[in-house]
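Read top to bottom, the protein sequences are chains A and X.
For any residue, its number in our numbering is found by taking its place in the first sequence, counting from 1, and adding 1.
For any residue, its number in our numbering is found by taking its place in the second sequence, counting from 1, and adding 344.
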Amino acid sequence: MSQSFVKVAGLTKRFGPQTAVNAVSLDVVERQTLALLGPSGCGKTTILRCLAGLEKPESGSIEIDGEVVFDGERGINLMPEQRRLGIVFQSYAVWPHMTVAENVGFPLKVRKVAKPEMRARVTRILELVGLGAVIDKPATQLSGGQQQRVALARALVHEPRLVLFDEPMSNLDAQLREQVRLELKVLQARLGFTAIYVTHDQSEAFALADQIIIMNRGHIEASGPPKAIFHAPQTPFVARFLGLNALEGSVARTTTAEGASYAEVAVKGLRIWGRVGNGAALRIGDPVVACVRREHVGVGPVKSSRTASDEPPLQSFAGKVRTSSFLGLAEEFSVEVGNVELRAVQPYLGTLSGDVEVTIYPDHCIVLADSYLDGRPG
Amino acid sequence: MATVTQGTAETGRAEAGAKTSRRPVLRLTMQWIIPAAAVLVGLILVAGPIVSTIWRSLLGSDNGFVDFTLANYSGLLFDRSVREGAANTILTGLGVTLLSSLLGCTLAWIIARTDLPGRRTFEIVNLIPFFFSPYVGAMSWLYLAAPNSGILTKLIQPATGGWLSMPNIYSVGGVVWVLSLFYTPYIYLFVIGPMRSMDGALEDAARVHGAGFWTTTRAITIPLLLPSLMSGALIVFVTSAGLFDVPMSIAAPKGIHMIPTDIFKAVQYPTDFGRASALAAIMMLVTIGFVVIQQRYLKRRRFDTVSGKGYRPRPVQLRWVGKTLAMGIQILYFLTAAVLPIMALLMVSLSPLWTGVFRPASATLSNFNYVLFDYSLAQSALANSLFIATVGATLGVGLGGLQAYFVRRQSSRLSGFIEPILSLPIGIPGIIIGLGFLILLIRTPLYSTIWIIVIACVAHFFPMALRNISAMLLSINPELEQSARASGANWAQSMRLVLLPLLLPALTASWLLLFIILIRELGASILLYAQGTETLSVAIVVLSDQNFGYVAALAVIQVAMLLLGFFMMRRNGAAFLGRQS
């Protein structure tokens, strides 16, 4: 079992009456990347700033590489400059009155590194990020992508043990984003730093992280490796955040088949069977949310005969296409089934409109206990 | 009037977008003529006094012959009092710039970057001195600190047993002191905006990567704020050095030479326009030079510290030492710049006979009574000032607004150098503009009327309206007006229904600002007034060596009017006070 490189326990941060971070605990393994994912206002950036020492939490403790940098009870709170970290901001925060070399060399300069050594290290890191040619240019003459790399080089030049990233890619275009993503992975493997990455972009988080934490209004909704979270969302909030259809309803029937529990969910004029997701023991009448990926909602022309049964084979429903968007290889539909709206994405089969048949396998529908309302902690 | 291409507006509805991107060189519609005319008028108002001053300074006499000579300038060179005056003027400029920069930056930093309680109140309070008339400010400090009869002087001397005494206010130092109090809000406004909106990440990046608080301030914060400060300091230097009001009150009575008052003296009997215009020409060229440097400097070294995805810097949490210090500085400034002067004025104005000590028992409103109801000069001065301020503000906003429209909507090529040229008068001292118009119009029927004062005032201050409105226009997307045109409105309608409502805050704010500035204007009006056209400020100066009580009462009335204007501006949303750059 690998040691936790970063240990956060019971971290709470309030801004006036609002609790931005609510008793959050997390661990990061050395040399791994943790992604903090979530919508605006969920507290992910606040946690990052607490780690950096830019915000003072109300309570909790933070330990980095065995050193306690914050402990509410013991009154320990190291200043940002004492924590030996690196940080890349969303706005890059490249200093306009300095050259690239002066920007990148700053962490070394304040550590009183000798000039020749400073120059050598700055040159080395700039070459690693592909900016060797602009080393003495004024920072204002760089493009956005270049500025981002300067920020990155500056965060790495002093070989920090932990590097924090606050949505550093949001200003880059899609192509550049992919490129930088790959380079980050390479850099991390090479330089061996641990990274905590804040983002609202799911694909970015899934691509970069070894561990993902999804946050919602100050508390952790889900935590785990990307594949686990992706395939098995544990709460309705996570399911919605990942873009699944989420239908609120209540349990009408339950059954088991091949060792797995299934439940039939009654949703406004619709009854749908699904696999029980978060291991809860569901009883009839319990509020639940039935979640289906868009890719698992089949839309096709109406068939002349329909079959319905109690057991879980393919379920079909009558639906009406509201809108459809051509996505190139695929097509996206908004279909009205009963009184609910479902989103579906499937390979382009030809024009479909008006009345259609919607098909969903029960195994593709995840039934989650709705212990929250609107994702708020109950 | 609207002619040739009016038809294209109607037929071109669907093509409105395409039409506006294809700028024909000359289109004789109302849309073009009116703003262009405003620009032309502006250029004349700018060039008029400059040209007339330089022209007259090269003439040997007033008798209509064109006899060029450099005698006026050489006469200055060999005049010791002029050398002394120049030295004093430069010293004043430097002193004021340094002191007001120090104070202004400190106050701005306290308000923008710390968590001092009461910041909101102090924010308002710090701007109050901005609305005082400098002459009245100087007068009140004379009441406070005159060597023997000053209110404070009389308090301090006995209290400290005589070893601590009031420095002599009748000195260049006294001029610097009063002017600094008056100019601190200028610097404050120049730097507080950038301080507030600077991307907090710029400092946080330094902190996380190893720099402590003071290192960060030194290496990051100060260098980034320096351009704004320098920009403000340059303007403060020239305008403080060229201000007539305070030297007239403090330096002139004791024979201390300063250029603005020397110009004034040269116009008094026996009039020597040659000397006056030579002095003015030199000063004017220096100030124009500074203004040009400031405009260039801004262009080259403005750092974009504001980025879209940045965040406001976190306030510095002050501990009790810091809190006491900050609070102390704020309160001290408020006292010396606002409270003490007003108190002094009130004391003197409420005393039937001023001897240096206020006796509440004998307080009376008789001075006010006399000034408001019995003294015809005061009454006509009040009426004149209100007239000049109202008409002048309206003309100034009208001109400035049309010019701003021209610069921002009609000609991007020309605007590059039209706006800087039209902005020149801001740096030129009022007394020089007054002299310029005096020389220009002395043989015309406008001389000795109230209109010559109106013209000079408008010429001096329309650039303020231009700048404010231009800044606002920059932030209004032209597509709003273009949509109106595309929907079928003609130019006049799109102006009335779309642009004017959006511009209203800037127009109102500029009007109020101009109104306030014109109520307290002195430099131009002191040269251009005649019997019957005295302004409030002129009346105060004229009354100065007479009854203290009357003049103080008049001053209190002026202060009340200015403060009223100030509070009206705040209610209107005086965000435009911040657009000095």
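The C-beta atom is built at its ideal place from N, Cα and C for all residues, glycine as well.
Note that this is a predicted model, so its numbers are computed, not measured.
Would you mind telling me which residues of chain X sit closer than 8 Å to residue 87 of chain A, beta carbon to beta carbon, in chain order? Counting from 1 along the first sequence, the entry for residue 87 of chain A is found at position 86. 552 and 553, listed in chain order.
What three-state label does DSSP hand residue 84 of chain A in the structure shown? Here residue 84 of chain A corresponds to residue number 83 of the first sequence, with the count starting at 1. Of the three classes helix, strand and coil, the one that applies to residue 84 of chain A here is coil, per DSSP.
Listed from N- to C-terminal order along the chain, which residues in the stretch 539-568 of chain X have their beta-carbon within a distance smaller than 9 Å of any beta-carbon of chain A? 543, 544, 545, 546, 547, 548, 549, 550, 551, 552, 553, 554, 555, 556, 557, 559, 560, 563, 564, 567 and 568
C-beta contact flag for residue 796 of chain X and residue 872 of chain X at 7 Å: Sequence index remark: in the second sequence, residue 796 of chain X carries index 452 (1-based). Sequence index remark: in the second sequence, residue 872 of chain X carries index 528 (1-based). Yes. Within cutoff.
Checking contacts by CB at 7 Å: is residue 654 of chain X closer than that to chain A? Residue numbering aside, residue 654 of chain X sits at position 310 when the second sequence is read from its first letter. It does: the Cβ of residue 654 of chain X has a partner Cβ on chain A nearer than 7 Å.
What do you reckon, are the CB atoms on residue 552 of chain X and residue 81 of chain A nearer than 7 Å? For the purposes of this step, residue 552 of chain X is identified with residue 208 of the second sequence, where counting begins at 1. For the purposes of this step, residue 81 of chain A is identified with residue 80 of the first sequence, where counting begins at 1. Taking 7 Å as the Cβ cut-off, residue 552 of chain X and residue 81 of chain A qualify as a contacting pair.
Count Cβ pairs between the stretch 687-705 of chain X and the stretch 887-905 of chain X that sit closer than 8 Å; are there 3 or more? yes
Where does the unbroken beta strand (DSSP E) through residue 223 of chain A begin, and where does it stop? Numbered from 1 along the first sequence, position 222 holds the residue referred to as residue 223 of chain A. Residues 220-225.
Pairwise C-alpha distance: residue 864 of chain X and residue 891 of chain X: As a working mapping, residue 891 of chain X is identified with position 547 in the second sequence. As a working mapping, residue 864 of chain X is identified with position 520 in the second sequence. One C-alpha to the other measures close to 21 Å.
Residues of the stretch 262-283 of chain A with Cβ closer than 7 Å to any Cβ of chain X, in chain order: none
For residue 738 of chain X, the nearest candidate out of X/574, X/808, X/910 and X/822 (CA to CA): Walking along the second sequence from the start, residue 738 of chain X turns up at place 394. Out of X/574, X/808, X/910 and X/822, X/808 has the C-alpha closest to the C-alpha of residue 738 of chain X.
Under 7 Å between C-beta atoms, does residue 376 of chain A make it to chain X? Here residue 376 of chain A corresponds to residue number 375 of the first sequence, with the count starting at 1. The predicted model places residue 376 of chain A with a pLDDT of 46, which falls under 50 and marks its position as unreliable; any figure quoted below should be read in that light. For residue 376 of chain A, the answer is no, since every Cβ of chain X falls outside 7 Å of its Cβ.
Find the nearest neighbour of residue 129 of chain A within the set A/157, A/109 and A/108, judged by alpha-carbon distance. Position 128 of the first sequence, counted from the first residue, corresponds to residue 129 of chain A. The shortest Cα separation from residue 129 of chain A among A/157, A/109 and A/108 belongs to A/157.
Name, in chain order, the residues that DSSP records as bridge partners for residue 22 of chain A. What you label residue 22 of chain A is simply residue 21 of the first sequence in a count that begins at 1. Answer is A/14.
Can you look up residue 734 of chain X in the DSSP assignment and give me helix, strand or coil? The residue labelled residue 734 of chain X in the question sits at position 390 within the second sequence. Residue 734 of chain X falls in the helix class under three-state DSSP.
Rounding to the nearest angstrom, what Cα-Cα distance links residue 350 of chain A and residue 329 of chain A in this structure? Taking the first residue of the first sequence as position 1, residue 350 of chain A is located at position 349. Taking the first residue of the first sequence as position 1, residue 329 of chain A is located at position 328. Rounded to the nearest angstrom, the gap between the Cα atoms of residue 350 of chain A and residue 329 of chain A is 11 Å.
If residue 771 of chain X and residue 583 of chain X are in contact, beta carbons under 8 Å, what's the gap, nearest whole angstrom? Taking the second sequence and counting its residues from 1, the one referred to as residue 771 of chain X is at position 427. Taking the second sequence and counting its residues from 1, the one referred to as residue 583 of chain X is at position 239. Contact holds; Cβ gap of about 7 Å.
Check distances from the C-beta atoms of the stretch 100-113 of chain A to those of chain X and list, in chain order, the residues that come in under 8 Å. So the close ones are 107, 108, 111 and 112.
Would you mind telling me which residues of chain X sit closer than 8 Å to residue 15 of chain A, beta carbon to beta carbon, in chain order? The count along the first sequence starts at 1 and reaches residue 15 of chain A at position 14. The premise fails here: residue 15 of chain A is roughly 15 Å from chain X at the closest Cβ pair, so nothing lies under 8 Å.
Rounded C-beta distance between residue 457 of chain X and residue 657 of chain X? I'm assuming under 8 Å. Residue numbering aside, residue 457 of chain X sits at position 113 when the second sequence is read from its first letter. Residue numbering aside, residue 657 of chain X sits at position 313 when the second sequence is read from its first letter. Yes, they are in contact, since the Cβ atoms of residue 457 of chain X and residue 657 of chain X sit about 6 Å apart, within 8 Å.
So, are the CB atoms of residue 883 of chain X and residue 730 of chain X less than 7 Å apart? One-based indexing of the second sequence puts residue 883 of chain X at position 539. One-based indexing of the second sequence puts residue 730 of chain X at position 386. Contact: no.
Residue 515 of chain X versus residue 886 of chain X - alpha carbon distance: Looking up residue 515 of chain X in the second sequence gives position 171. Looking up residue 886 of chain X in the second sequence gives position 542. Distance between the alpha carbons of residue 515 of chain X and residue 886 of chain X is about 22 Å.
Using 8 Å as the Cβ pair cut-off and three pairs as the minimum, do the stretch 446-466 of chain X and the stretch 660-668 of chain X touch? yes
Using only the alpha-carbon positions, how far apart do residue 914 of chain X and residue 126 of chain A sit? Looking up residue 914 of chain X in the second sequence gives position 570. Looking up residue 126 of chain A in the first sequence gives position 125. Their Cα atoms are separated by approximately 52 Å.
Starting from the beta carbon of residue 222 of chain A, find every residue of chain X whose beta carbon is closer than 9 Å, and list them in chain order. What you label residue 222 of chain A is simply residue 221 of the first sequence in a count that begins at 1. None at all; the shortest Cβ gap to chain X is about 25 Å.
With a cut-off of 8 Å on the beta carbons, I'd call residue 268 of chain A and residue 37 of chain A a contact; round off their distance for me. Within the first sequence, numbered from 1, the residue matching residue 268 of chain A stands at position 267. Within the first sequence, numbered from 1, the residue matching residue 37 of chain A stands at position 36. Rounded, the Cβ-Cβ distance is 32 Å, inconsistent with contact.
Can you confirm whether the stretch 774-791 of chain X touches the stretch 815-824 of chain X when touching is taken to mean that 3 or more C-beta pairs between the two stretches lie within less than 8 Å? No, the stretch 815-824 of chain X is not in contact with the stretch 774-791 of chain X.
Just to confirm my understanding: we take residue 294 of chain A, look at its own chain, exclude 5 residues before and 5 after, and list those with CB closer than 6 Å. What are they? Here residue 294 of chain A corresponds to residue number 293 of the first sequence, with the count starting at 1. Around residue 294 of chain A: 245.
For residue 302 of chain A, which of helix, strand or coil comes out of DSSP? Reading the first sequence from its first residue, position 301 is the one you call residue 302 of chain A. The answer is strand: DSSP assigns residue 302 of chain A an E or B state.
Residues that residue 155 of chain A contacts on chain X, provided the C-beta gap is smaller than 8 Å: Counted from its first residue, the first sequence places residue 155 of chain A at position 154. Residues of chain X passing the Cβ test: 549 and 553.
Positions along the stretch 115-144 of chain A whose CB lies within less than 9 Å of some CB in chain X: 141
Excluding the 5 residues preceding and the 5 following residue 399 of chain X in the sequence, name in chain order all residues of the same chain whose CB lies nearer than 7 Å to its CB. Counting from one through the second sequence, the residue named residue 399 of chain X turns up at place 55. Answer for residue 399 of chain X: no residue qualifies.
How many angstroms separate the CA atom of residue 849 of chain X from the CA atom of residue 708 of chain X? Position 505 of the second sequence holds residue 849 of chain X. Position 364 of the second sequence holds residue 708 of chain X. The alpha-carbon atoms of residue 849 of chain X and residue 708 of chain X are separated by roughly 42 Å.
Since residue 338 of chain A and residue 300 of chain A should fall inside the 8 Å C-beta cutoff, what is the C-beta to C-beta distance between them, to a whole number of angstroms? As a first step, residue 338 of chain A must be located in the first sequence, where it is residue number 337. As a first step, residue 300 of chain A must be located in the first sequence, where it is residue number 299. About 10 Å; that fails the 8 Å criterion.
Just mark residue 581 of chain X as buried or exposed, buried being the case when its beta carbon has 16 or more other beta carbons within 10 Å. Walking along the second sequence from the start, residue 581 of chain X turns up at place 237. That one is buried.
Chain X contact for residue 98 of chain A (CB, 7 Å cutoff): Position 97 of the first sequence holds residue 98 of chain A. Yes, contact with chain X.
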